[in-house]
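Chains as they are written, first to last, in our numbering: chain A, 64 to 564; chain B, 64 to 564. By construction, the Cβ of each residue, glycine as well, lies at the ideal position given by its N, Cα and C atoms. To keep things clear, I will list the structure first and then write my remarks on it.
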């Protein structure tokens, strides 16, 4: 495939095997890797690197690297590297079982960060020196410009900052992705200007990544699909949550606050998000748009049906079935989808300007509207905050949603006090479970508490929550946010003992 | 004074006494009042309203209103209204003893909100209907345009939304304020455009407020100064905190991350902020700028000395002494100060574009870098989050500072777990006390914890904090953010019992 996918002669001269490329990565390096939600990550060099690391470890040598990505990747990257304990540090988001295990065992440091903050923090040097960029592309033009893969993530930043660049050119992904991307770089202060996006479909950059060709130390040819992103049909709870949200959006339109085609949608991943998209696809809305970080099956369905006229994202992450459709109709989808760097897809400036409708999952919410998106029972990392903060703080509507119960009903996802706060009471407008939707806008904390208990908590936990609130209102040192600090975490402590909350 | 200050004939015809004006405010009304940090609030109508409320209450009638402002006001507004329990609801920030008392007794609802969010939330109707706007101005032009007072706050929004408008024209404030303001209105989505500010001194609007003259029901002439904002000389702790910050800024310049004239400064209020400004005024920097929400004595000193070439703010809040200088040299200060609506002074879009250096006080921080700005021991409201979140999340540098001890050394301001979270670990980059500065950028939670304990905690609390961390690392269910939920609030519980933490 070399000639058609790798048109630059100099880079063709640098084609090596994955093992040879991995030899350019040294112990202690920080490696900026492409990849966002299982799409666009390098497929072979990380596995070769994991083999090198395992071999070194076998010889009693220490070989670990810092792993910087866009967001979550896949078993052939996080899985293999953290499987051999080869990652000393990870940022800014992950969802891999092996990686999660190392984080929670204390083997790996994890910097859980707002996805829109990562590029600038790296450029300022807050994460240290970036030694290597390891980036998947789908092609290289004659002049050396790069055709990005199925995600853009932080790739422009990694390519800019790294001393050495390794490119994986993946012929297993469609070359027709060319033209779908919009690469735009934000200057650092004091040289920043307004980002000229006023609609989700505004193109402001150009479709290619650029790299100093002299920095490229290796080019590896691959032929692998992205990680399959599992799509499961929405279950009953998800459909109910979606139903509450759809009803609420109709109310907002009726109140005249948002136009009949709503405002640009931002949707997290998973079963509930799928259900909301399916509901919108069957609903009364036309000419919808999206300004989001990852485009999944649900939004692709909506583009195909014509309901969604445009989607801006930083990644396309699809199931096997959706991918087949995507590839077959890429000439159409390329006109409807725009893939941006995650600094832009998640930029607070744009999220607020557009007034996105932000819908994200959570682990638990408390009665006052604080949300925990990341930590199981206060200490254990699940995945990370991802882009939820970028969007929620700046959204027209910040919606957080979850089924009301977890662990077969033993745990309540509505608690007296969350065990970790990722989104404060100031940033959470709407909470939704299968039981109902609590519109917290314009309410003081105790007003919120009554509504959250009544609308969102499972009936079996409502009396205990109401009892906590009532006793806190009697016993606390102030009535703004009454808490009984001596028992605020009794629910979590019961869960830690394996009991029902 | 009527003719010179109130040039519009129709509005001259509406001049009434404060008592007559207050009669336009009815029980149950929501009143949008001018005022930000004790400047630019109406001086007489609120007192007349408080008298009406007291009289009604004396007759056994209920008379309460919702009080919406820019930020904190003064005794002659919050003090008198909440003193007679006349405020049913208050937003978005306060610092008045009477108002605080009603909030914490449960008499008044309090919506503690990001200051940049208020105008749009009000426009969307999230706070209900705005019945009356009660706005202080320093003059009215012949065509009815209004010369704003010493703060702009949410005045453009209140004037737009209210059914009835009452103007206080204060000849006690300098008419030469005319021209200092820059009024710019942000459209609601989907019609929003980029806000064209690329430097702190960019003027993008015009100097006057506009109002539908038919809505003006009363004009009241007043002659009163703003609230004196007390300025106390920095104490030893404040000077030490300032010293750590100044040293750190020099480090940032030396690293080449920020220019020699730094980036625009944002500073909260109080003793520590004063000390930082005094330090900057004596320091090596030239051509500094500020993009902040309130300009106080410290920044005025810096403008006078020539160190600060430009300051953007929404309010000027000065001590009696500084005010005399301000008034005497207003022709100069008008060229150096620009007063904007708080939606613009605090806008995330601009804070991030400019890369502000954000310095704000706090009540307590925990070892992992979460910050409580608002709630004493978890339940009791102190003042509110104000603009700290607008700036911190979007800043180049988000610095939170406090002396390490409170209550004569009984309380530690560094605790195992904060009792309320206003700024999450994702948004707090630097913590400072008199003992030192913890640069948390690019660190994972347990790395932060070691640094916060070592640099920021008072030595007498360090062993107990280190012991908590060590036991949590052994006992928690995950190593990302080890906590012992059963004792995370033991420190606060001891404080609630009147013991040392």
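- The residue from B:466, B:516, B:440 with its alpha-carbon nearest to that of residue 557 of chain B is B:440.
- Taken atom to atom, the span from the alpha-carbon of residue 416 of chain A to that of residue 476 of chain B is near 37 Å.
- For residue 481 of chain B and residue 171 of chain B, the gap between their C-alpha atoms comes out near 25 Å.
- In this structure, residue 346 of chain B and residue 288 of chain B do not form a Cβ contact; the two beta carbons are roughly 32 Å apart against a cut-off of 8 Å.
- When DSSP assignments are scanned along the region 382–413 of chain B, the uninterrupted stretches of alpha helix (DSSP H) that are 4 or more residues long and fall wholly within it turn out to be 383–391, 393–399, 405–408.
- In the DSSP assignment, residue 463 of chain A is bridged to A:423, A:494.
- For residue 168 of chain A, the enclosing alpha helix (DSSP H) stretches over residues 160–168.
- Rounded to whole angstroms, residue 340 of chain A and residue 361 of chain A show a C-alpha spacing of 5 Å.
- Per DSSP, residue 227 of chain A lies in no alpha helix (DSSP H) segment; the continuous beta strand (DSSP E) that holds it begins and ends at 227–233.
- The beta carbon of residue 544 of chain A sits closer than 8 Å to some beta carbon of chain B.
- For residue 218 of chain A, there is no enclosing beta strand (DSSP E); the residue is part of the alpha helix (DSSP H) that begins and ends at 218–224.
- In this structure residue 189 of chain A is in contact with residue 505 of chain B, their Cβ atoms being roughly 4 Å apart against a cut-off of 8 Å.
- Under the Cβ distance rule, residue 401 of chain B does not count among the residues neighbouring chain A, no pair being separated by less than 8 Å.
- For the pair residue 494 of chain B and residue 466 of chain B, the Cα-to-Cα distance works out to about 11 Å.
- Sequence-distant Cβ neighbours of residue 331 of chain A in its own chain, meaning closer than 7 Å and more than five residues away, are 422, 423, 424, 451.
- Assignment of residue 291 of chain A by DSSP, reduced to helix, strand and coil, places it in the coil class.
- Taking a beta-carbon distance threshold of 8 Å, residue 432 of chain A does not count as an interface residue toward chain B.
- Taking 8 Å as the CB threshold, residue 510 of chain B lines the interface with chain A.
- Looking at the backbone, the Cα of residue 371 of chain B and that of residue 280 of chain B are separated by about 42 Å.
- When only Cα atoms are considered, residue 296 of chain A and residue 302 of chain A end up about 10 Å apart.
- Between residue 200 of chain B and residue 209 of chain B a beta carbon distance of about 4 Å is seen, short of the 8 Å cut, so the two are scored as contacting.
- For residue 268 of chain B, same chain residues with a beta-carbon under 7 Å away, outside a window of 5 residues either side, are 245, 246, 247 in chain order.
- The straight-line gap separating the alpha-carbon atoms of residue 277 of chain B and residue 85 of chain B is approximately 18 Å.
- Inter-residue distance for residue 318 of chain B and residue 311 of chain B is about 11 Å (C-alpha atoms, whole angstroms).
- Inter-segment contact for the region 137–151 of chain B and the region 174–186 of chain B is absent: fewer than three beta-carbon pairs are separated by less than 8 Å.
- In terms of CA proximity to residue 96 of chain A, A:133 leads the group A:127, A:115, A:133, A:354.
- Burial check for residue 161 of chain A: the Cβ neighbour count within 10 Å reaches 16 or more, so the residue is buried.
- Its chain contains 95, 154 as the residues whose beta carbon lies nearer than 6 Å to that of residue 131 of chain B, once the 5 sequence neighbours on both sides are disregarded; these appear in chain order.
- Taking residue 359 of chain A as reference, the option from A:196, A:518, A:388, A:321 with the minimal CA-CA separation is A:388.
- For residue 352 of chain A, the uninterrupted beta strand (DSSP E) run begins and ends at 351–354, by DSSP.
- Our two residues, residue 326 of chain A and residue 225 of chain B, have alpha carbons roughly 26 Å apart in a direct line.
- Neighbours of residue 515 of chain B across chain A, judged by C-beta separation under 9 Å, do not exist; the nearest C-beta is about 16 Å away.
- For the options B:394, B:329, B:350, the alpha carbon positioned closest to that of residue 414 of chain B is the one of B:329.
- For residue 482 of chain B, the chain A residues whose Cβ falls inside 7 Å of its Cβ are 548, in order along the chain.
- Bounds of the alpha helix (DSSP H) holding residue 556 of chain A are 553–559.
- Listed along chain B is no residue with a C-beta nearer than 9 Å to that of residue 407 of chain A; the closest approach is about 13 Å.
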